[in-house]
Structure formats: structure tokens, C-alpha cells
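Asker:
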Amino acid sequence: MASAQAASAPLAGRRILLGITGSIAAYKAAMLCRLLKTAGAEVRVVMTPLAKQFITPLTMATLSKNPILVEFFNPENGAWNSHVSLGEWADCYLIAPATANTLAKMATGVADNLLLTTYLSARCPVVVAPAMDLDMYAHPATQQNLRTLAGRGVRIVEPAEGELASGLTGKGRMAEPAEIAGFVADLLDEKKKTLAGKRLIVTAGATIEAIDPVRFISNHSSGKMGYAIAGELAARGASVTLVSGRTALPVPPGVDRVDVLSADDMYEATVKAFDEADGAVMCAAVADYTPETVSDTKLKKGDGELFIRLRRTRDIAAELGSRKGNRLLVGFALETNDEEAHAQLKLEKKNFDFIVLNSLRDAGAGFRGDTNKVTLIDRSGREELPLMSKREVAARIADRIEHLFTR
10 MASAQAASAP LAGRRILLGI TGSIAAYKAA MLCRLLKTAG AEVRVVMTPL
60 AKQFITPLTM ATLSKNPILV EFFNPENGAW NSHVSLGEWA DCYLIAPATA
110 NTLAKMATGV ADNLLLTTYL SARCPVVVAP AMDLDMYAHP ATQQNLRTLA
160 GRGVRIVEPA EGELASGLTG KGRMAEPAEI AGFVADLLDE KKKTLAGKRL
210 IVTAGATIEA IDPVRFISNH SSGKMGYAIA GELAARGASV TLVSGRTALP
260 VPPGVDRVDV LSADDMYEAT VKAFDEADGA VMCAAVADYT PETVSDTKLK
310 KGDGELFIRL RRTRDIAAEL GSRKGNRLLV GFALETNDEE AHAQLKLEKK
360 NFDFIVLNSL RDAGAGFRGD TNKVTLIDRS GREELPLMSK REVAARIADR
410 IEHLFTR
């Protein structure tokens with residue numbers, strides 16, 4: 010009985026703050042509010058002044074069973090509507106529809122209405138469902154604002170393609186209420202320990218290949234993507250060994266970290282751990298070449314050129330692929346040209362179950378940042394994901410790993 014109730018009320022006990030901005034799509038907020046309530050959530054609504062021109066506060070108050078908040082204070086009695094209290098109350102702040110204007114203000118920290126000041130005070134996950142005409146959505150300013158917000162951890166429910174209020178057809182139509190409600194339910198769902206009993210390795214960060222005691226060869230990897238994956242797998246119950254190059258990132262909760270420096274160090278640690286593992290995710294940026302000899306003393310600057318002879322490092326992914334058996338192996342490919350062709354070749358050559366491709370040509374993807382834009386490729390096809398925070402990308406990768414373990 011309890012499990013049936015949980016299935017029918019996935020948001021039971023959750024507190025959702027629904028923000029509505031001035032878009033024609035505001036009419037969908039009524040159905041969205043109803044779906045959230047049906048799912049068991051307590052809903053409070055905050056509206057921008059312009060949103061009242063598209064849907065009435067009376068409608069939203071009736072559906073949410075709570076007074077609607079628009080102004081900073083009640084003009085009749087001076088009662089203060091505290092944006093701080095609203096931000097503390099909510100388990101999730103959902104802004105749907107989110108106009109281009111509101112997204113721009115969120116990205117730049119403008120706080121000229123109650124909805125925006127509440128956003129700046131929110132301590133909970135924030136979700137936005139953009140709604141606007143196709144040209145506004147595609148404009149570089151809007152896309153940059155979305156990248157900025159995603160980098161700060163704001164979750165974005167991608168708009169759909171279809172007929173728009175302008176009469177044009179394209180991307181910009183707010184996602185349907187059922188999709189948005191489901192997104193929020195998934196976000197707030199306490200992840201079951203679906204990977205309990207699984208032992209997984211994640212490699213992360215850059216290797217350092219010494220030239221002398223002072224200098225080295227490395228790359229720009231921060232380790233953020235690998236650390237996000239390790240944390241997500243551990244949150245789902247897996248026993249995770251994180252083989253990490255040098256980084257300043259904290260160890261994710263529940264993760265056992267093994268620190269290494271060079272590609273050879275990472276090879277030894279990863280191959281050893283793989284003997285007792287159920288699978289591995291190869292996310293580290295490992296050097297393909299390392300100096301053939303390392304000077305014991307600092308190389309001094311001379312009058313002529315300096316040439317350093319490099320040797321090929323041992324291929325960790327290929328070694329694990331040859332030992333794989335029935336175990337899971339996931340790879341990464343960061344490319345700058347002919348991306349899918351290179352990723353497909355690597356998928357086959359390294360015996361990966363699937364590979365995560367990202368391109369340095371995609372804005373918001375690649376090293377150091379908090380967002381990524383990836384394509385998941387396996388032998389049956391490809392799934393291109395929109396720009397997301399690296400935490401969200403990690404969750405999607407973990408979803409696919411779960412699926413592979415339960416086939």
C-alpha cells in the first residue's frame with residue numbers, strides 16, 4: 010500500500026515554489042500547478058507583475074490553495090513578503106515559463122521583482138523552463154545566459170519545437186507540464202541504491218609527465234567531470250575507487266580516492282583496481298606521450314634549441330578492454346575535428362560499452378568549466394544531450410550504466 014502511494018504521489022511532502030513570468034505560455038502554469046499538487050507537493054506561487062496579464066492570480070491561488078505573491082509587500086496592510094523565507098521554504102524553485110528577459114536578469118543578478126530576489130536567495134535546486142520565440146531562444150545572448158545559469162547549477166528543461174505564438178515554427182515552445190513535473194520529481198527523488206554491490210573505478214583529472222624536477226607536460230583537465238561521475242555513482246550505492254591526477258577538488262562523499270601523478274602511475278593503479286571491479290569509467294585526460302628520460306637536475310637554458318624525446322605511454326583503456334570479459338567499460342573522447350568518426354573508432358578499438366563524446370568546438374563544453382555538452386555513442390546509435398551542468402551529465406551517464414547492469 011505504501012509503495013502504491015509513493016508511486017502515485019512522487020512529490021509527497023515536497024515544497025515547490027512555482028515562479029511564473031510574463032509569457033503567453035503562462036497558461037500552462039495552471040496545469041503544471043495541478044500536476045504538482047496531484048503528485049503530492051505543496052505549491053506556492055510567485056509571479057512577476059507582467060505575468061498577471063497572462064494568467065490571473067485568482068486562478069493560481071485556487072489551484073495552489075495558497076495566496077499568490079507578486080509584490081514585495083501587501084499594499085493594503087504592509088505585510089512583508091520575504092524572499093529570504095521563500096528561498097528557505099522551498100525544496101525546489103521552478104520557474105515556468107521563464108522568459109528571455111527573466112533568464113537574462115537571473116544570469117546578471119538583477120533583482121527588480123520578488124521572483125528574482127527569491128532566486129538570488131534560494132538555497133534549493135532551481136529549475137527553469139524557457140519559453141520564447143525561436144529567434145529569441147537562438148540568439149547568442151540568450152544561449153550565453155543559459156550557459157551561465159547551467160554553469161551555476163540551474164537545471165534547464167529544454168524547450169520543445171513546434172508552433173509558436175508568433176505563428177512561426179521552431180524551438181522555443183515551453184515543455185509540456187507533464188514533462189516539467191516529471192523532471193522535478195526525478196530531480197527531487199531520493200536516489201535508490203540502484204548500484205549497491207557494484208564496484209566501479211573512475212579515472213579523473215590530468216596526468217603530469219616530468220621533464221626535470223621543475224618542469225612537466227600536462228593538459229587543462231580540472232577533473233570536474235570525473236569527480237561528478239564518481240560522486241553520482243557513489244550516491245547510487247556503488248563502491249567507487251577514484252584514480253585521480255592532481256586536482257584541488259574535494260573527494261566526493263563515499264568515494265575512495267587513489268592519488269597518482271603520471272600516466273604510468275595511473276596505469277598501475279587502474280589495472281590493479283580493475284581486477285576486483287565490476288566496471289570502469291575512463292574519464293581522465295591521460296598523456297599519450299611522456300619524456301623518454303627525466304633529468305635529475307633542472308635543465309638550464311642554453312644558446313640553442315632544446316629537443317625532448319618522447320615515448321608512447323601505456324594505453325590504460327586498451328588494456329582494460331583486453332581484460333574486460335563481462336565487465337562494464339565506459340570511455341571518453343574529447344575531440345576538435347571529425348569528432349564522431351574518432352569516437353566510433355575509439356569505441357571499437359578500446360572495447361567500450363559506450364563512449365562519451367564532447368567537442369572543444371561546442372561552447373560551454375570541455376575543460377575547467379562547470380557545464381558540458383556530450384553525445385553518448387554505443388554500437389546501436391547515439392544520444393545527443395543538450396548543454397547541462399557536469400552534475401547532470403554525470404547523472405545521465407549513471408542512468409545508462411544502471412541500464413547496462415540490469416540488461
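Numbering (the working numbering), first residue to last: 10 to 416. Virtual Cβ for every residue (Gly too), placed ideally from N, Cα, C.
If you draw a straight line from the C-alpha of residue 36 to the C-alpha of residue 63, how long is it?
Answerer: 7 Å
Asker: When you compare each of 105, 337, 79 to residue 211 by their alpha carbons, which one comes out closest?
Answerer: 337
Asker: Assuming residue 340 contacts residue 355 under a Cβ cut-off of 8 Å, what Cβ separation, rounded to an integer in Å, is found between them?
Answerer: Sure, about 6 Å apart at Cβ, within 8 Å.
Asker: Since residue 101 is in the beta strand (DSSP E), which residue starts that stretch and which ends it?
Answerer: Residues 101-107.
Asker: Can you name the residues that DSSP bridges to residue 77?
Answerer: 54
Asker: Could you name the residues of the same chain whose beta carbon sits closer than 7 Å to that of residue 70, not counting the 5 residues immediately before and after it, in chain order?
Answerer: Cβ within range, chain order: 76, 77.
Asker: Note down the Cα distance separating residue 175 from residue 344, rounded to an integer number of angstroms.
Answerer: 39 Å
Asker: Hey, how far is the Cα of residue 140 from the Cα of residue 161?
Answerer: 20 Å
Asker: Restricting to Cα atoms, I'd like to know which of 72, 154, 231, 197 is closest to residue 108.
Answerer: 154
Asker: Residues bridged to residue 300 by DSSP?
Answerer: Under DSSP, the beta-bridge partners assigned to residue 300 are 319.
Asker: Leaving out five residues on either side along the sequence, give the residues of the same chain with a beta carbon under 6 Å from the beta carbon of residue 266.
Answerer: 251, 253, 260
Asker: Mark residue 388 as exposed unless 16 or more other C-beta atoms lie within 10 angstroms of its C-beta, in which case mark it buried.
Answerer: exposed
Asker: Give me the DSSP bridge partner(s) of residue 265.
Answerer: 250
Asker: Output needed for residue 383: all residues of its chain with C-beta closer than 7 Å, excluding positions within five of it in sequence on either side, in chain order.
Answerer: 365, 366, 367, 394, 402
Asker: Considering Cα atoms alone, identify which of 187, 105, 49 is closest to residue 23.
Answerer: The shortest Cα separation from residue 23 among 187, 105, 49 belongs to 49.
Asker: Measure the beta-carbon distance from residue 227 to residue 215 and round it to whole angstroms, keeping in mind my assumption that it falls under 8 Å.
Answerer: 5 Å
Asker: Using C-beta distances below 7 Å, list every residue in its chain close to residue 44, excluding the 5 sequence neighbours before and after it, in chain order.
Answerer: 186, 187, 190
Asker: The beta strand (DSSP E) spanning residue 223 covers which residue range?
Answerer: Here residue 223 belongs to no beta strand (DSSP E), and DSSP marks it neither H nor E.
Asker: Rank 30, 220, 392, 299 by C-alpha distance to the C-alpha of residue 307 and give the top, closest one.
Answerer: Selection 30, 220, 392, 299 evaluated against residue 307 yields 220 as nearest (Cα-Cα).
Asker: For residue 26, tell me which candidate among 314, 132, 293 has the shortest Cα-Cα distance.
Answerer: 132
Asker: Could you have a look at residue 27 and say whether DSSP puts it in helix, strand or coil?
Answerer: In the structure shown, residue 27 falls within a strand segment according to DSSP collapsed to helix, strand and coil.
Asker: With respect to the alpha helix (DSSP H) encompassing residue 147, which residues constitute its N-terminal and C-terminal limits?
Answerer: 143-147
Asker: Rounded to the nearest angstrom, what separates residue 381 and residue 106 at their Cα positions?
Answerer: 24 Å
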